[in-house]
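Engineer: Residue numbers (numbering that gives the first Met the number 0): 0 to 298.
Yeah, the Cβ is synthetic: ideal placement off N, Cα and C, and Gly gets one too.
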Amino acid sequence: MELLKKFEAVAIKPDTRISDSDRIFCKAHQAAYDNAKCTLQELLCFWEDMQNQQAELLTGADTSSTFYLTSRNNIKLSKEDIRGQVFSLHSLFIGKLVSFFNKTYHLSLSITDIENNLIPQGPEDRWTDDYEDRVKAYTQAMQDLSLRYTDILDQIFIYTDGRDLSAQALHELKGKCHEAAWNISGGQARFTLKKCTLLLNGYFCSFHDRYGGGHWEPAEKTNDILKGIAHFETGSFSCIPHSISSIISAYNLRSDFYEFVGCKKVLSLKMYKNQRVDIKFSTEEHARQFINEYLGAIC
0 MELLKKFEAV AIKPDTRISD SDRIFCKAHQ AAYDNAKCTL QELLCFWEDM QNQQAELLTG
60 ADTSSTFYLT SRNNIKLSKE DIRGQVFSLH SLFIGKLVSF FNKTYHLSLS ITDIENNLIP
120 QGPEDRWTDD YEDRVKAYTQ AMQDLSLRYT DILDQIFIYT DGRDLSAQAL HELKGKCHEA
180 AWNISGGQAR FTLKKCTLLL NGYFCSFHDR YGGGHWEPAE KTNDILKGIA HFETGSFSCI
240 PHSISSIISA YNLRSDFYEF VGCKKVLSLK MYKNQRVDIK FSTEEHARQF INEYLGAIC
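Next up, the structure:
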């Protein structure tokens, strides 16, 4: 009895891993997912009953039980369609929530990995003796599956190693910057620091010369580093200076030199035909701080 009282005294608290607005979003989709599972199952039963009635009425008439239900393509419906939609609800639910957190917190969570961890996998080898039994077991498992949004959150926080989502976003950003700036296999830096200028050496840009003209294109790893620089400048993922974002989103830049207008920590970017890119900071201290925090070492 004493133990029971202790349990009763514990208040059920909302999941503190996410914000109130995130929780509202998750609960709305939880309710819609649950409702769809229920109503689609009702539709399946209703549809089967409709077909059975038609089959009974058309006995001996050599006419399909769906003749009056789906003729002329006005309605496209079948037991297989409804059951397939029921099965797809799990992927839709996971995909919607993971995409929401990816977009909101600038993450790169894998929808496929989370689906594989939460949704039963169908049998593959159809030539085994027990294939039909495994199909029945899989079908039953898919029908019985009822996901909770907290199941998806659990998978997300396994991926983040327990970091909150904002911290994970910064962790991923810095990881991409480090990967871009280092030759991981050889353990060699692709950058050097010359006073207050960061020199990115290697394939960090390309020049495409066509018909006497041409355009510049930053490499993908340059864009990763520029995203880190934007965060270093503003401390925000959503507030990216236009002078930086316009370079990240471009693939046909006409000039080899760009000033970062309105920025205080970083001043400009210069591209060279030998594929080097220079990024100039306002002070050497800012340059070294960026290298320490985002690239992972002091050169």
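In this structure, how does DSSP classify Gly-121 when only helix, strand and coil are distinguished?
Structural biologist: Coil, per DSSP.
Engineer: Quick check: the segment 143-161 against the segment 117-124, are there 3 or more CB pairs under 8 Å?
Structural biologist: These segments touch.
Engineer: With distances taken between CB atoms, is the gap from Phe-236 to Ala-168 smaller than 9 Å?
Structural biologist: Result yes, Cβ atoms of Phe-236 and Ala-168 sit closer than 9 Å.
Engineer: Return the bridge partner residues of Ala-188 from the DSSP annotation.
Structural biologist: Its beta-bridge partners are Trp-181.
Engineer: Taking Lys-194 as the reference, give the member of Tyr-104, Thr-159, His-285 with the closest Cα.
Structural biologist: Ranking Tyr-104, Thr-159, His-285 by Cα distance to Lys-194 puts His-285 first.
Engineer: If we ignore side chains and look at the alpha-carbon of each, how far apart do Arg-22 and Gln-274 end up?
Structural biologist: Whole-angstrom Cα-Cα distance: 46 Å.
Engineer: Going by the CB atoms, is the gap between Lys-173 and Gly-227 shorter than 9 Å?
Structural biologist: Result yes, Cβ atoms of Gly-227 and Lys-173 sit closer than 9 Å.
Engineer: Below 8 Å on the Cβ atoms is my contact criterion, and I expect Phe-280 with Leu-266 to pass it. Report the Cβ-Cβ distance as a whole number of Å.
Structural biologist: Correct: roughly 7 Å between the Cβ atoms.
Engineer: Go ahead and pull the three-state DSSP assignment for Thr-196.
Structural biologist: Strand, per DSSP.
Engineer: Is DSSP giving Val-265 helix, strand or coil here?
Structural biologist: Val-265 falls in the strand class under three-state DSSP.
Engineer: Please report the distance separating the alpha-carbon of Ala-140 from that of Gln-53.
Structural biologist: Computed Cα separation, rounded: 31 Å.
Engineer: Report the residue from Phe-206, Lys-102, Asn-200 whose alpha carbon sits nearest the alpha carbon of Lys-220.
Structural biologist: Of Phe-206, Lys-102, Asn-200, the residue nearest in Cα terms is Asn-200.
Engineer: Would you kindly work out how many angstroms separate the C-alpha atoms of Asp-143 and Thr-38, rounded to a whole number?
Structural biologist: For Asp-143 and Thr-38, the distance between alpha carbons rounds to 15 Å.
Engineer: DSSP on Cys-238, reduced to helix/strand/coil?
Structural biologist: Three-state DSSP puts Cys-238 in coil, outside helix and strand.
Engineer: I need the DSSP call for Trp-126, collapsed to helix, strand or coil.
Structural biologist: Trp-126: coil per DSSP, three-state reduction.
Engineer: Please list, in chain order, all residues of the same chain as His-28 whose beta carbon is under 6 Å from its beta carbon, the five residues on each side excluded.
Structural biologist: Same-chain partners within the cutoff: Lys-95.
Engineer: Leu-146 to His-89, Cα distance in whole Å?
Structural biologist: Between Leu-146 and His-89, the C-alpha separation is close to 7 Å.
Engineer: Report yes or no: do the segment 250-260 and the segment 204-218 share at least 3 C-beta pairs separated by less than 8 Å?
Structural biologist: Yes, the segment 250-260 touches the segment 204-218.
Engineer: So what does DSSP say about His-207, is it helix, strand or coil?
Structural biologist: Strand.
Engineer: Jot down the residue ranges of each uninterrupted alpha helix (DSSP H) in the segment 30-99, minimum 4 residues, whole runs only, in chain order.
Structural biologist: Here the runs fully enclosed are 66-69.
Engineer: Applying the criterion that 16 or more other CB atoms from any shown protein chain within 10 Å of the CB defines a buried residue, is Glu-232 buried or exposed?
Structural biologist: Result: buried.
Engineer: Exposed or buried, His-230, counting other C-beta atoms within 10 Å across all chains shown (16 or more means buried)?
Structural biologist: Burial call: buried.
Engineer: Can you tell me which of Thr-103, Leu-192, Phe-289 puts its alpha carbon nearest to the alpha carbon of Asp-163?
Structural biologist: Answer by Cα proximity: Thr-103.
Engineer: I'd like to check one pair, Cys-204 with Leu-294: are the Cβ atoms closer than 9 Å?
Structural biologist: Not closer than 9 Å, so no.
Engineer: Within the same chain, show all residues whose beta-carbon is closer than 7 Å to that of Phe-190, passing over the 5 residues directly before and after it, in chain order.
Structural biologist: Around Phe-190: Ala-180, Leu-197, Leu-198, Leu-199, Asn-200, Leu-294, Cys-298.
Engineer: Could you have a look at Leu-146 and say whether DSSP puts it in helix, strand or coil?
Structural biologist: Coil, per DSSP.
Engineer: Could you give the DSSP three-state label for Asp-277: helix, strand or coil?
Structural biologist: Strand at Asp-277.
Engineer: With DSSP as the reference, identify every bridge partner of Phe-289, one or two as the case may be.
Structural biologist: Paired residue(s): none; Phe-289 is not in a bridge.
Engineer: Does Val-97 pass the burial test, meaning 16 or more other C-beta atoms within 10 Å, or should it be called exposed?
Structural biologist: It is buried - the Cβ of Val-97 has at least 16 other Cβ atoms within 10 Å.
Engineer: With DSSP run on the structure shown, which of helix, strand or coil describes His-170?
Structural biologist: In this structure, His-170 counts as helix in the three-state DSSP scheme.
Engineer: Count the other CB atoms within 10 Å of the CB of Cys-238; is the residue buried (16 or more) or exposed (fewer)?
Structural biologist: Exposed, by the Cβ-count rule.
Engineer: Please classify Lys-36 as buried or exposed, where buried requires at least 16 other C-beta atoms within 10 Å of its C-beta.
Structural biologist: Buried, because 16 or more other Cβ atoms sit within 10 Å of the Cβ of Lys-36.
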